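What follows is a short report on a single structure.
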Amino acid sequence: MAKRQLVTLLTDFSTRDPYVAAMKGVLLRHCPRAEIIDITHEIAPQDVLSAAFVLAEATRSFPDGTLHVVVVDPGVGTDRRILAGDIGGQRFLCPDNGVITFVAESREQRELVVVSNSRYVPAATSRTFHGRDIFAPVAAHILNGVDLARLGPRPKAFTMLDVPRPVVAGEVLAGQIVYVDRFGNLVSNIPIAAVEPWCAALDAVRVSCDGREVGALQGTYDFVERGAALALVNSMGLIEVAVNGGSAAAVLDAGVGATVRLRREARGAEA
Amino acid sequence: MAKRQLVTLLTDFSTRDPYVAAMKGVLLRHCPRAEIIDITHEIAPQDVLSAAFVLAEATRSFPDGTLHVVVVDPGVGTDRRILAGDIGGQRFLCPDNGVITFVAESREQRELVVVSNSRYVPAATSRTFHGRDIFAPVAAHILNGVDLARLGPRPKAFTMLDVPRPVVAGEVLAGQIVYVDRFGNLVSNIPIAAVEPWCAALDAVRVSCDGREVGALQGTYDFVERGAALALVNSMGLIEVAVNGGSAAAVLDAGVGATVRLRREARGAEA
Amino acid sequence: MAKRQLVTLLTDFSTRDPYVAAMKGVLLRHCPRAEIIDITHEIAPQDVLSAAFVLAEATRSFPDGTLHVVVVDPGVGTDRRILAGDIGGQRFLCPDNGVITFVAESREQRELVVVSNSRYVPAATSRTFHGRDIFAPVAAHILNGVDLARLGPRPKAFTMLDVPRPVVAGEVLAGQIVYVDRFGNLVSNIPIAAVEPWCAALDAVRVSCDGREVGALQGTYDFVERGAALALVNSMGLIEVAVNGGSAAAVLDAGVGATVRLRREARGAEA
Chain A
674 MAKRQLVTLL TDFSTRDPYV AAMKGVLLRH CPRAEIIDIT HEIAPQDVLS
724 AAFVLAEATR SFPDGTLHVV VVDPGVGTDR RILAGDIGGQ RFLCPDNGVI
774 TFVAESREQR ELVVVSNSRY VPAATSRTFH GRDIFAPVAA HILNGVDLAR
824 LGPRPKAFTM LDVPRPVVAG EVLAGQIVYV DRFGNLVSNI PIAAVEPWCA
874 ALDAVRVSCD GREVGALQGT YDFVERGAAL ALVNSMGLIE VAVNGGSAAA
924 VLDAGVGATV RLRREARGAE A
Chain B
674 MAKRQLVTLL TDFSTRDPYV AAMKGVLLRH CPRAEIIDIT HEIAPQDVLS
724 AAFVLAEATR SFPDGTLHVV VVDPGVGTDR RILAGDIGGQ RFLCPDNGVI
774 TFVAESREQR ELVVVSNSRY VPAATSRTFH GRDIFAPVAA HILNGVDLAR
824 LGPRPKAFTM LDVPRPVVAG EVLAGQIVYV DRFGNLVSNI PIAAVEPWCA
874 ALDAVRVSCD GREVGALQGT YDFVERGAAL ALVNSMGLIE VAVNGGSAAA
924 VLDAGVGATV RLRREARGAE A
Chain C
674 MAKRQLVTLL TDFSTRDPYV AAMKGVLLRH CPRAEIIDIT HEIAPQDVLS
724 AAFVLAEATR SFPDGTLHVV VVDPGVGTDR RILAGDIGGQ RFLCPDNGVI
774 TFVAESREQR ELVVVSNSRY VPAATSRTFH GRDIFAPVAA HILNGVDLAR
824 LGPRPKAFTM LDVPRPVVAG EVLAGQIVYV DRFGNLVSNI PIAAVEPWCA
874 ALDAVRVSCD GREVGALQGT YDFVERGAAL ALVNSMGLIE VAVNGGSAAA
924 VLDAGVGATV RLRREARGAE A
């Protein structure tokens, strides 16, 4: 049997409807060697920002050459473009709506095309389900060996989300919550790589979330007592506000957009 | 390695309990070549109508010969029969409770048997989990090459759901909502194939849902402003009532059973 | 292509976040032959008891040698140990927090090691996501053929949950609900194997749940009228309280911890 071709799916379809399975059926019909891994189908409907975040985090660890197909696509059926690309050794197929933002930002060696070659792009049989009618067959072509460059021309530009950036103001580094996970962990847009060069010492940093003090950066959740809030550097390398054994989103009543402030203090100062 | 054997699962088990994994374990134990694709496990408990709908829509696009195993089975442990069949090139294994209705209606070349040959049907070790104890091992036999005809005799009849049909009354074609998807899109039982021969021109059709006017048939969601209701022909070829960027189920406070009316007007008339 | 290596995942991550896919990516990167089956990712956050229950029930039917990876891990990043083992022919990799309890209880031939050999255990790149950083690469080593004995020494002891046991008092065998499934079925800790030697005849047993009588043991759900409560021996061999066509958890307002009493009566007595 020929080598299996790894392809992931990331959609906002949920798994309760026939949509995801219909896409998988088309993929397997056109590429019997496809090995399909679900990233998630639980993106909130049309939440391109969350999809962009999950895509970047989930795809870091896949084998080189994996194809990641994203169908979070509020503009389905309009003239929004479809992009295919090789970014940092992984391949992507997604609408040109900014869902590629964090992937494109974080990885070098980027090669993108606008999917448009009618030899490979079916005339859609629906205007509302391009996942089944366009993304799946194009993905199968890619898995079957069609070179990305043959799918269409390079774009002059492509859509990037206008994502908030952390800012430094005096002794404060301020960012915001950009993702809340199922545990209620509040993930900020502040990478540890931005914190380290700014503060004298990590143990002199104090964190607050929407004005609530959560103390110094901890090593892991269990470093504070059960039910207490804390801040830490999470597995994505981002500052995260959490509650040990609980939900920070619930305890702090905070969500996407909440302000996170890091204050640097003289080493050893009391918080 | 031998060719992998494609099998899908559609249940109302959810994925939070051990049940789906137990079925997969049995399948893989008896057929190591099984390649298992989930259609969905999120059918509402014992909702045979929704399962029938999802089955028909999801299975259209799978490779020929795929085996689809359905365990939405309120009658488990009673004397309800189990059917196996080849319908339109796809294979099915399901309880005889009407879940095959839309598949059987929409595809020709139908061959069904009542699964009963004790050589292939284990004496169930439980009366409440035939998914694990009967469906999975019988599915493995089918995947391993046992011909459907050996599983049992042809049924004289089998259960079909009493599904509502659209009706024409004068200038009105009336149907109802039969499925609501995760986006809150309201899917009716009115196929575009029934609309086209009835109306003079598609752009002269006006749609209402439970008495609320939603206008002409649109090309896609984005053809109306964000938050507005619309009607369109969906990816299944059915009339659907939706809200651009929102949930029609929530905005119109409508669900399964809601009335959908198409009114044909003189071409160009104002709605 | 080499033989595929079966591995299951059981976590409390849900499937909405990037975490499960990140684990799968690492598994496939280090073991391209891995065939990944999800047991569930819907364990309530940090609910080790439910995870232990689902693990034992789901893994019974898998092919011998299957590797089951469990990451329900409230102690992530602390000094809690990680166990690998071969128990009853199936292989396990899990935190030493009691999640192995029901598996270890129910199967003989148990061989466990504490995963600690630095040749196979990566220095974690995070302290909060050992699923991706430790469990997945160690699992890949096991799938690639590393013998369990090489992963670390045998433990002198390991953590077992303090699970309630059914007790006999006169004519009553009393236990409690330990699991509630998606149908609202209330699963007790009373195995039929404990009931049979205790009662003169199964049809002389009467069951109550939190003081509500539910009658004799039935063959299956459909043996009582729709909406009525009943008791039966479920597919796990445990006494279960259910409602035909409904949710016993809702109808009886009961959940984990509710008391279940079996009363033995003279054969043929009226309940």
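Protein chains in written order, with our numbering: chain A, 674 to 944; chain B, 674 to 944; chain C, 674 to 944.
Note that the Cβ used here is the ideal one computed from N, Cα and C, for glycine as well.
Fair warning: this is a prediction, and the values are worked out from it, not measured in the lab.
In three-state DSSP terms, what is residue i?
i: A/Arg-936; result: strand
i: B/Ser-779; result: helix
i: B/Gly-919; result: strand
i: C/Thr-713; result: strand
i: B/Pro-810; result: helix
i: B/Ala-733; result: For the record, residue 733 of chain B in the displayed sequence is Arg; it is not Ala. Residue state, collapsed to three classes: coil.
i: A/Arg-879; result: strand
i: B/Val-727; result: helix
i: C/Arg-823; result: helix
i: C/Ile-760; result: strand
i: C/Val-897; result: coil
Ordered along the chain, which non-local residues of its own chain (more than five positions away) have a Cβ less than 7 Å from that of residue i?
i: B/Arg-827; result: Leu-785, Val-786
i: A/Val-772; result: Val-721, Ala-724, Ala-725, Leu-728, Val-743, Val-745
i: C/Val-887; result: Val-880, Ser-881, Ala-902, Leu-903, Ala-904, Val-914
i: C/Cys-704; result: Gln-678, Ala-813, Leu-816, Asn-817
i: C/Ala-931; result: Gln-849, Ile-850, Leu-859, Cys-882, Asp-883
i: A/Ala-923; result: Gly-857
Could you check where the beta strand (DSSP E) with residue i kicks off and where it finishes?
i: B/Phe-765; result: 763 to 768
i: C/Ala-902; result: 902 to 906
i: B/Gly-848; result: 845 to 853
i: A/Gln-678; result: 678 to 684
i: A/Ala-842; result: 840 to 842
i: B/Gly-888; result: 885 to 888
i: A/Val-742; result: 740 to 744
At a CB-CB cut-off below 8 Å, which residues of chain E make contact with residue i?
i: A/Thr-893; result: Any reference to chain E falls outside this structure, whose protein chains are A, B and C.
If you drop the 5 nearest sequence neighbours on each side, which residues of the same chain put their C-beta closer than 6 Å to that of residue i?
i: A/Gly-825; result: Val-786, Val-787, Val-788, Ser-789, Asn-790
i: C/Pro-864; result: Gly-910, Leu-911
i: B/Arg-855; result: none
i: A/Val-845; result: Arg-934, Arg-936
i: B/Ala-712; result: It is Ile, not Ala, that sits at residue 712 of chain B in the sequence shown. Closer than 6 Å at Cβ, skipping near neighbours: Thr-681, Leu-683, Ala-731.
i: A/Ser-687; result: His-714
Mind checking residue i: buried by the 16 CB within 10 Å criterion, or exposed?
i: C/Asp-690; result: buried
i: B/Pro-870; result: exposed
i: B/Gln-715; result: Reading the sequence as shown, one finds Glu at residue 715 of chain B and not Gln. Its Cβ being crowded by 16 or more others within 10 Å, B/Glu-715 is buried.
i: C/Val-749; result: buried
i: C/Ala-944; result: Confidence at C/Ala-944 is low in this model, with a pLDDT of 43, below 50, so its placement is unreliable and no value can be given for it.
i: A/Ser-779; result: exposed
i: B/Asn-770; result: buried
i: A/Pro-795; result: exposed
i: A/Asp-685; result: buried
i: A/Glu-898; result: exposed
i: A/Val-693; result: buried
i: A/Gly-857; result: buried
i: C/Gly-758; result: buried
i: B/Gln-763; result: buried
i: C/Asp-895; result: buried
i: C/Met-696; result: buried
i: B/Ala-822; result: exposed
Since residue i and residue j are thought to touch, with beta carbons under 8 Å apart, how far apart are those beta carbons, to the nearest angstrom?
i: C/Gly-928; j: C/Val-853; result: 6 Å
i: A/Pro-839; j: A/Val-699; result: That pair is no contact at about 42 Å.
i: B/Leu-859; j: B/Leu-875; result: Not quite, the Cβ-Cβ distance comes to about 19 Å (not below 8 Å), so this is no contact.
i: A/Phe-765; j: A/His-741; result: 5 Å
i: B/Arg-805; j: C/Ser-734; result: 7 Å
i: A/Tyr-793; j: A/Val-819; result: 6 Å
Could you spell out the range, first to last residue, of the alpha helix (DSSP H) harbouring residue i?
i: C/Val-868; result: 865 to 868
i: A/Val-699; result: 692 to 703
What do you reckon, is the C-beta of residue i under 6 Å from a heavy atom of the ligand NAP?
i: A/Glu-886; result: Of ligands this structure carries none, so the ligand NAP is not represented either.
Which residues in the same chain have their Cβ closer than 8 Å to the Cβ of residue i, if we skip the five residues on either side of it in sequence?
i: A/Ala-717; result: Asp-685, Ser-723
i: C/Leu-756; result: Phe-765, Leu-766, Cys-767, Pro-768, Asp-769, Ile-773, Leu-785, Val-786, Val-787, Val-788, Pro-828, Phe-831
i: B/Glu-708; result: Arg-677, Gln-678, Leu-679, Val-680
i: A/Ala-921; result: Gly-857, Asn-858, Leu-859, Cys-882, Ala-902, Val-914, Ala-915, Ala-927
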